[in-house]
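Below you'll find the structure, written out as structure tokens, and then a few comments.
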Amino acid sequence: RKEVEQDPGPFNVPEGATVAFNCTYSNSASQSFFWYRQDCRKEPKLLMSVYSSGNEDGRFTAQLNRASQYISLLIRDSKLSDSATYLCVVNFFSGGYNKLIFGAGTRLAVHP
Amino acid sequence: GAVVSQHPSWVICKSGTSVKIECRSLDFQATTMFWYRQFPKQSLMLMATSNEGSKATYEQGVEKDKFLINHASLTLSTLTVTSAHPEDSSFYICSARVFGTQNQPQHFGDGTRLSIL
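If you read the sequences in order, they're chains A and B.
Each residue of the first sequence is one higher than the last, beginning at 1 in this note's numbering.
Each residue of the second sequence is one higher than the last, beginning at 113 in this note's numbering.
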């Protein structure tokens, strides 16, 4: 089983739609959680951290359920510029270091 | 703030060549740097973790004699792909972190696309 699993998509949605991405992780000792965004042939860029109480940043809402080891990202009022791959990322301590483990990403394509 | 610069951004070279990639933290001191590799349509895979002044810790399956990592200062880490072959063609990305920020996001360089002919 992969350490971080995501639906690869693609999700094809019209502008203005609401779309939700899910992610599960296998290591219950994971300490912190993030959503990154990666555009084609570019480096990942931090979208937002994910907190247990849930958090919102503009049109983006992230949720964490530690008991279920589940993370979600909700995007409201999708824009064309939201088209990208969204990476679920988990940070845990292993082998003496904190490491980031990336999911394979969920592709989002927003069309006019 | 927290800018990480990676150089070069694109390399094309012949099989058997050794290629050095630099990762610099421009406005902070990076006690830990990470090297990742990403094949097309796949996830970023951690290759190794390097702490300034000590040997890198390699992930399982990554050959340390093939991928030489040097982290000689708090602002520079280098990855050398020795005797590169076409199967080493990939997107290599570094990230950096300040000591004491283990649970904070890492800062990524803009990646190096390596193509071995």
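Where is the CB? At the ideal position from N, CA and C, for every residue including glycine.
| Check | Outcome |
| --- | --- |
| Residue-chain proximity (residue 205/B, chain A), Cβ-Cβ < 8 Å | yes |
| Selection of the segment 96-107 of chain A by Cβ proximity to chain B, strictly under 8 Å | 96, 97, 98, 99, 100, 101, 102, 103, 104, 105 |
| Chain B residues whose Cβ lies nearer than 7 Å to that of residue 49/A | 217 |
| Closer than 8 Å to chain B by CB, residue 46/A | yes |
| Unbroken stretches of the beta strand (DSSP E), 3 residues or longer, contained in the segment 132-169 of chain B | 144-150, 157-163 |
| Cβ shell of residue 149/B (< 6 Å), same chain only, five flanking positions each side left out | 157, 159, 202, 204 |
| Among 184/B, 130/B, 134/B, 128/B, nearest to residue 206/B - alpha-carbon criterion | 134/B |
| Contact set between residue 43/A and chain B, taken where Cβ atoms lie within less than 7 Å | 205, 220, 221, 222, 223 |
| Interface partners of residue 34/A on chain B, CB under 7 Å | 217 |
| Chain-ordered residues of the segment 129-159 of chain B with a beta carbon less than 9 Å from chain A | 144, 146, 148, 150, 153, 154, 155, 156, 157, 158 |
| Candidates 41/A, 60/A, 45/A, 11/A: closest to residue 87/A by CA position | 45/A |
| Other residues of its chain near residue 77/A: CB distance less than 7 Å, five sequence neighbours each side excluded | 16, 59 |
| Coil, strand or helix - residue 8/A by DSSP | coil |
| Closer than 8 Å to chain A by CB, residue 190/B | no |
| Expected contact under 8 Å - CB spacing of residue 137/B and residue 187/B to nearest Å | 5 Å |
| Where the beta strand (DSSP E) containing residue 182/B begins and where it ends | 179-185 |
| Coil, strand or helix - residue 56/A by DSSP | strand |
| Cross-strand partners of residue 13/A (DSSP beta bridge) | 110/A |
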